[in-house]
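Undergrad: Here it is, the structure in full.
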Amino acid sequence: MSKACKNCSRLNESNVCVSCGATDFSSRWSGMVIIINPEKSIVAEKLAIKEKGEYALTVQ
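In my numbering, the protein residues as written are 138 to 197.
Written as structure tokens, this is what we have:
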């Protein structure tokens, strides 16, 4: 089960976020968006996502 970074919402399997380097995670998250091309994605722009990957929509 993936954990969501509380800082950037990126879904991770490790103990350090692969996107921002944070170590504060939550297993309580909902919704998921997969960003493939952040430079051309309107969704990535709206969510302020700069890197491709899987992100939680809400993190508690």
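For every residue, glycine included, the Cβ atom is placed at its ideal position computed from N, Cα and C.
1. For Ile-173, count neighbouring C-beta atoms within 10 Å of its own C-beta (all shown protein chains included) and say buried if the count is 16 or more, exposed if not.
2. So what does DSSP say about Lys-177, is it helix, strand or coil?
3. Pick from Ile-186, Glu-188, Ser-146 and Lys-177: whose alpha carbon is nearest that of Ser-164?
4. Spell out the partners DSSP gives Ser-163 in its beta bridges.
5. Using C-beta distances below 8 Å, list every residue in its chain close to Thr-160, excluding the 5 sequence neighbours before and after it, in chain order.
TA: If we stick to the structure as given:
1. Here residue 173 refers to the residue found at position 36 of the sequence shown. Answer is exposed; the Cβ neighbour count stays below 16.
2. Here residue 177 corresponds to residue number 40 of the sequence shown, with the count starting at 1. Here Lys-177 sits in coil by DSSP.
3. Stepping through the sequence shown from its first residue, residue 164 is reached at position 27. Among Ile-186, Glu-188, Ser-146 and Lys-177, the Cα nearest to that of Ser-164 is on Ser-146.
4. Translated into the one-based positions of the sequence shown, residue 163 becomes position 26. Ala-141, per the DSSP bridge assignment.
5. Here residue 160 refers to the residue found at position 23 of the sequence shown. Closer than 8 Å at the Cβ level, and outside the excluded window around Thr-160, lie Asn-152, Val-153 and Cys-154.
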